[in-house]
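Structure first, then comments.
In this note's numbering, the protein residues as written are 3 to 223.
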């Protein structure tokens, strides 16, 4: 582990990159939404402009096997900056431009907009194993009165050498009474060349049925 998980995972989430460092993550998910089968593809990257400023970019698309009218995609480009850091605790702010349905899924807003985000994270070692926790609040606004607010909480703990149990929750509210609450539980294994994760995600708000299996690979350079 790097500095007792001083930045996790591999300096993503609330943590910024060191100047010149690169972080990348690709994920694919097999989903079932209201009885329809779909595939979600997700690519995310970070580049450390300086030790305090990080450039981030994300692209996402969902494709329905037998209902292409519901296909959607989205993208985001932003700058992330450290506001305050002490030991393994960090507080960061992020702002940028968004386009399409990167958060909203099939109910997303497919116009150009902006997003602001405030994140905090902490990591350490307890009872012989590494752990981390983070929290994230974000708001985004598109044209024609479309908006989304989102809270994300996550935590993980090493349960065997280089194997982590991870848990996340997303709570989202927005215009047109949009509502989504998702839970995800998975495992992350750190190899020499990359972090490989496998997780199960489920919608629990009761507003609609959705679940999926997510496979992701992440690496820092």
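Where a beta carbon is used, it is the ideal one built from N, C-alpha and C, also for glycine.
Taking the C-alpha atoms as reference points, what is the distance between residue i and residue j?
i           : j           : result
residue 138 : residue 131 : 24 Å
residue 40  : residue 98  : 28 Å
residue 87  : residue 122 : 10 Å
residue 129 : residue 94  : 28 Å
residue 91  : residue 136 : 10 Å
residue 1   : residue 149 : Outside the displayed span of the chain (3 to 223) sits residue 1, for which this structure offers no information.
residue 188 : residue 219 : 13 Å
Shortest alpha-carbon distance to residue i belongs to which of the options?
i           : options            : result
residue 167 : 158, 135, 118, 119 : 158
residue 120 : 134, 141, 112      : 141
residue 112 : 147, 31, 85        : 147
residue 211 : 81, 117, 83, 185   : 185
residue 79  : 125, 174, 96, 37   : 96
residue 143 : 89, 222, 67, 101   : 101
residue 217 : 208, 223, 191      : 191
Buried or exposed, going by whether 16 or more other CB atoms sit within 10 Å of the CB of residue i?
i           : result
residue 206 : exposed
residue 34  : exposed
residue 134 : buried
residue 15  : buried
residue 127 : exposed
Regarding residue i and the ligand ADP, is the C-beta to nearest heavy atom distance less than 6 Å?
i          : result
residue 79 : Inclusion of the ligand ADP in the displayed structure is not the case, the ligand content being empty and no account of it being possible.
> Taking one C-beta from the region 172-180 and one from the region 191-198 each time, how about it: are there three or more such pairs within less than 8 Å?
Replying inline: no
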